[in-house]
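Accompanying notes for the structure given below.
Residue numbers (the numbering used here): 1 to 322.
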């Protein structure tokens, strides 16, 4: 399995290539350079072909007027400053936007519910990239919109697919993405001002992850993050948000309002969860991208797909001083 400490791997590649170039006589050196350039061209064609096959999956909703936020939060705003001819320029666009941290497709940094834990800019980059697994609870969620994924669901998944790998990104598939951005269908309530009634009970209804399942993951597996296609990793009826407290307290970040989880295989993908790096932020809008393995669903410890390896090799060759 290829590791995910990309910088270290690329440095190793560069060191190897530099050594070969310095140790090679001039004539052979030129031959090696030519071979490398030809290889890069071939790999570029391979990468383009991989992209054309639709092996890149966008798992983020665009931010705009329809973006859903937690009840009581502000909405996304785009201030169009300039859009059209400007001075001597035939066309120029420049805008400003504002948004709460937690809304739309976004990351929950551990500090969101745990004092002293990682903020957005503290999360190591290598924890934002990893093998993805998907746990399908759609049938149970369809039967009970307040369903919480249990540790038994995790055991059942492992019985079919193998042990959840270290530093993986676990995605819970509830089927709720089909309702986005319909607030009433997605949240289970049309209220936009608060999620609590006069008795301080939640008026929201959507599936989530049970605290006991979160505790089992913390105690028995070492995932990097947990994502879900609902507004929260806690189910809608929660008021204490214990699943947040447990996972984020263990420096396991959350990804919420994740799109296209229905298209993610149960295994056989590498996911990049890329939040805006907000200094001191407890969360941030995120672009989440899955690269599907060319061989399809398979081992949960499969190597990153060819398109990823091509990209890394191309970058490694680029940074070598020709």
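Even glycine gets a Cβ: it sits at the ideal position worked out from N, Cα and C.
Closest to residue i by C-alpha separation, out of the options, would be which residue?
i           : options               : result
residue 99  : 190, 118, 115 and 62  : 62
residue 72  : 261, 169, 195 and 283 : 195
residue 112 : 264, 250, 183 and 259 : 250
residue 55  : 276, 268 and 163      : 268
residue 331 : 95, 90, 67 and 91     : Nothing in the structure corresponds to residue 331, since the chain is present only between 1 and 322.
residue 181 : 57, 297 and 67        : 67
residue 183 : 141, 280 and 203      : 203
residue 276 : 64, 92, 270 and 121   : 121
residue 125 : 186, 297 and 272      : 272
residue 161 : 281, 270, 283 and 265 : 265
residue 199 : 270, 239 and 146      : 239
residue 201 : 241, 259 and 230      : 241
residue 65  : 93, 57, 97 and 58     : 97
residue 284 : 90, 119 and 57        : 119
residue 176 : 258, 116, 90 and 159  : 258
residue 262 : 158, 117, 229 and 89  : 229
residue 58  : 105, 153 and 89       : 105
Does the ligand HEM have a heavy atom nearer than 8 Å to the CB of residue i?
i           : result
residue 282 : Ligands in the displayed structure: none, and consequently the ligand HEM is not present.
Just to confirm the assignment, what range does the beta strand (DSSP E) spanning residue i have?
i           : result
residue 97  : 89-98
residue 349 : Here the chain comprises residues numbered 1 to 322, so residue 349 is not present and cannot be evaluated.
residue 73  : No beta strand (DSSP E) holds residue 73; DSSP gives it neither H nor E.
residue 108 : 106-108
residue 128 : Segment: none, residue 128 is in no beta strand (DSSP E) and carries neither H nor E.
So, for residue i: in the same chain, excluding its five sequence neighbours on each side, which residues have a beta-carbon less than 7 Å away from its beta-carbon?
i           : result
residue 69  : 75, 100 and 103
residue 150 : 210, 212 and 213
residue 253 : 107, 108, 109, 110, 123 and 225
residue 191 : 71 and 203
residue 395 : No answer is possible for residue 395: it lies beyond the span of the chain, which begins at 1 and ends at 322.
residue 49  : Confidence at residue 49 is low in this model, with a pLDDT of 49, below 50, so the placement of that residue should be treated as unreliable; the coordinate-derived value is given next. If we look at residue 49 and ignore the five residues flanking it on each side, it has no Cβ neighbours.
Quick one: what's got a C-beta closer than 8 Å to residue i's C-beta in the same chain, skipping five residues either side?
i           : result
residue 246 : 211, 214, 215 and 218
residue 188 : 145, 203, 204, 205, 206 and 236
residue 91  : 84 and 85
residue 193 : 71 and 72
Considering just the uninterrupted stretch of the alpha helix (DSSP H) at residue i, what are its terminal residues?
i           : result
residue 193 : Element bounds for residue 193: n/a, residue is neither H nor E.
residue 215 : 211-220
residue 67  : No alpha helix (DSSP H) contains residue 67, which DSSP labels as neither H nor E.
residue 160 : 151-161
For residue i, which residues in the same chain have their Cβ closer than 6 Å to its Cβ, ignoring the five residues on either side in sequence?
i           : result
residue 287 : 60 and 274
residue 167 : 130 and 224
Is there a Cβ from chain D that is less than 9 Å from the Cβ of residue i?
i           : result
residue 129 : Structure shown: chain D not included; a single protein chain is present.
Closer than 8 Å is the cut-off here; do at least three beta carbon pairs connect the segment 81-88 with the segment 284-298?
no
Tell me whether the segment 133-145 and the segment 159-173 touch, counting them as touching only if at least three CB pairs, one residue from each stretch, are closer than 8 Å.
yes
Beta strand (DSSP E) runs contained entirely in the segment 244-306, provided each spans 3 or more residues:
253-256, 269-275 and 283-292
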